[in-house]
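Enquirer: I have a structure I would like to understand better, so I am pasting it below and will then ask my questions one at a time.
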Amino acid sequence: MYRAPRGTSDILPQDQPFWRYVEARAADTCRLYGYRRLDPPVFEDAGLFRRGVGEGTDIVEKEMYVFLDRGGNSLALRPEGTASVCRAYLEHGMHHQPRPVKLYYIGPAFRYERPQAGRYRQHHQFGVEALGDADPALDAEVIDMARQFFVSLGLGDTSIILNSIGCRQCRPAYLEALRAYYAPRAREVCADCQVRLRKNPLRLLDCKTPGCQPVAEAAPKSADHLCPDCAAHFTALKQYLEGLQIPYEEDHRLVRGLDYYTRTVFEVQSGEAGRQSALGGGGRYDDLIAELGGPPTPGIGFATGLERIVAGLKKQAVPVPAEPAPQLFIAHIGAEAAVAALKLGATLRRAGTAVIVATGGRSLKAQLRQANNLGIDHVAIIGEDEVRAGTVTLRRMAASEQETVPVGRLLELLRAPL
Ligand code: AMP
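For what it's worth, our numbering labels the leading residue of the sequence shown as 7, then goes sequentially.
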């Protein structure tokens, strides 16, 4: 027997109402903030992510699904959405459109991670990107949007964590300060941190190993090493957030796992757990589009993980709209009635009524049981007499009542609240 690959799962019919609910809230939030949907392909040229997300990041170096297709092209299943959206933005000349261009996506992302709670090899993201505007007011609006999305879902108790990691001008000096601080402490930190010290010092700050915590806590802060422009941007953002009355917590250890971020980085966390369980995160990426070969174009966005959101909705018992059961079940006995039942079902569906027609030649009792199991209260029963008379016996299961109804009346009856 085959099973779904490790780290992937089937989204079963009984879970679909949660997913539809999240997607509906996402689409509605985007409508309110003026974002339009873009669906990029799930695989891209592997170089796009190497270049965009960064060669030295875990996502690209250790977790990316890369394969050669039959034409010898090196492709990758997308590990995230931002690089694809920026590629599409350039490919379709959207840089000629009025700025900022606001786009969103919903779809799967793939990372070869060690599967555990809240961490999968295929997960789904809802993300937004606003391209072409460096105004810190846009950062504030994007953070407000992320927060409102969670509010609209009914997921209480989320918090915003904020940091600024500077830009090309100021970050090199900050990284030097970080290296200078860690170098004499290299023996105190884990083996991974020793590698990070050489390859990606920013990631030293978000190490989860308990022994590294005191060292990371006392490390130099990027926010203290910003150039005047980045500092002004960060100050303005915080003023806008205060104006919007959005509570946030500054965390000098928030750096995020993708190379493209500049200045603003933020995360939305659920109240109950630590950094592992971020519901979403994002930030500014003012160099990414130029890095991908486009004109210098600032950008900012966020992405949220739908599996974690669905898990949160279930845990907090947030009510989501149920899928309505079909309105009518058609049971039938005999060969002629089978034809009449199929015909009646087809007619009713064309008129917009959701109908299940019994199949499988089961006894009337078994057919009624099936209607019950499907949660359908109204059953039209057709036998030889009904075929001849052009009627059905309409049975209301809950009330155990039934009446004979001409087929022509059935439509009207179904339209009215029965
Ligand atoms: P990232 O692109 O890493 O910022 O991820 C954005 C959001 O997607 C995170 O905040 C998580 O909610 C979710 N996410 C990231 N990786 C995974 C994963 N492997 N499994 C489930 N959700 C994930």
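Just so it is clear, CB atoms sit at the ideal spot from N, CA and C, and this is done for glycine as well.
What first and last residue would you give for the beta strand (DSSP E) that runs through LYS108?
Expert: Residues 107 to 116.
Enquirer: For the alpha helix (DSSP H) containing GLU182, list its first residue and its last residue.
Expert: Segment 177 to 188, the alpha helix (DSSP H) holding GLU182.
Enquirer: Just confirm the distance between the C-beta atoms of LEU211 and ALA222, as a whole number of angstroms; I'd bet it's less than 8 Å.
Expert: The pair is a contact, with the Cβ atoms about 5 Å apart (cut-off 8 Å).
Enquirer: Could you check the C-alpha separation between GLY40 and GLY300 for me, to the nearest Å?
Expert: So the alpha carbons of these two residues sit roughly 24 Å apart.
Enquirer: Are there three or more Cβ pairs, one per stretch, closer than 8 Å when the stretch 296 to 311 is compared with the stretch 143 to 160?
Expert: Short answer: they touch.
Enquirer: I need the DSSP call for ASN378, collapsed to helix, strand or coil.
Expert: Reduced to three states, the DSSP call for ASN378 is helix.
Enquirer: Could you say if the stretch 106 to 118 and the stretch 324 to 331 meet the contact criterion of at least three C-beta pairs nearer than 8 Å?
Expert: No contact exists between the stretch 106 to 118 and the stretch 324 to 331.
Enquirer: Using a 10 Å radius around the Cβ and a threshold of 16 neighbouring Cβ atoms, would you call LYS321 buried or exposed?
Expert: Exposed, by the Cβ-count rule.
Enquirer: Is any non-hydrogen atom of the ligand AMP found closer than 7 Å to the C-beta of GLY277, if you look at the structure I gave you?
Expert: Outside the cutoff, so no.
Enquirer: Run through DSSP, which three-state label would ALA309 get?
Expert: In this structure, ALA309 counts as strand in the three-state DSSP scheme.
Enquirer: Could you name the residues that DSSP lists as bridge partners for ILE336?
Expert: DSSP lists VAL363 and ALA386 as partners of ILE336.
Enquirer: I want to check one thing, is the minimum distance from the CB of GLN175 to the heavy atoms of the ligand AMP below 7 Å?
Expert: Checking every heavy atom of the ligand AMP against the Cβ of GLN175, none is found closer than 7 Å.
Enquirer: Is DSSP giving GLY99 helix, strand or coil here?
Expert: If DSSP states are grouped into helix, strand and coil, GLY99 belongs with coil.
Enquirer: Can you look up GLY263 in the DSSP assignment and give me helix, strand or coil?
Expert: Looking at GLY263 - three-state DSSP - the assignment turns out to be coil, as it is neither helix nor strand.
Enquirer: CB-CB under 7 Å to LEU74, same chain, minus the five flanking residues each way: which ones, in chain order?
Expert: Taken in chain order, the residues that qualify are SER80.
Enquirer: Return the first residue and the last residue of the alpha helix (DSSP H) that VAL28 is part of.
Expert: VAL28 -> alpha helix (DSSP H) spans 22 to 39.
Enquirer: Would LYS214 be called buried (16 or more neighbouring beta carbons within 10 Å of its own) or exposed?
Expert: By the 10 Å Cβ count, LYS214 comes out exposed.
Enquirer: Determine which residues share a DSSP beta bridge with LEU81 and list them.
Expert: Answer is ASP51 and PHE73, bridged to LEU81.
Enquirer: LEU137 by DSSP, collapsed to three states: which one?
Expert: LEU137: strand per DSSP, three-state reduction.
Enquirer: If you follow the beta strand (DSSP E) that THR410 is part of, which residue opens it and which one closes it?
Expert: That run of the beta strand (DSSP E) goes 407 to 412.
Enquirer: Is DSSP giving GLY287 helix, strand or coil here?
Expert: The answer is strand: DSSP assigns GLY287 an E or B state.
Enquirer: Please report the distance separating the alpha-carbon of GLU457 from that of MET70.
Expert: The structure shown does not extend to residue 457, since the chain spans only 7 to 424, so no value can be given for it.
Enquirer: Thinking C-alpha only, which one of HIS101, GLY78, TYR8 and ALA143 is nearest LEU137?
Expert: Selected option, being the one with the closest Cα: HIS101.
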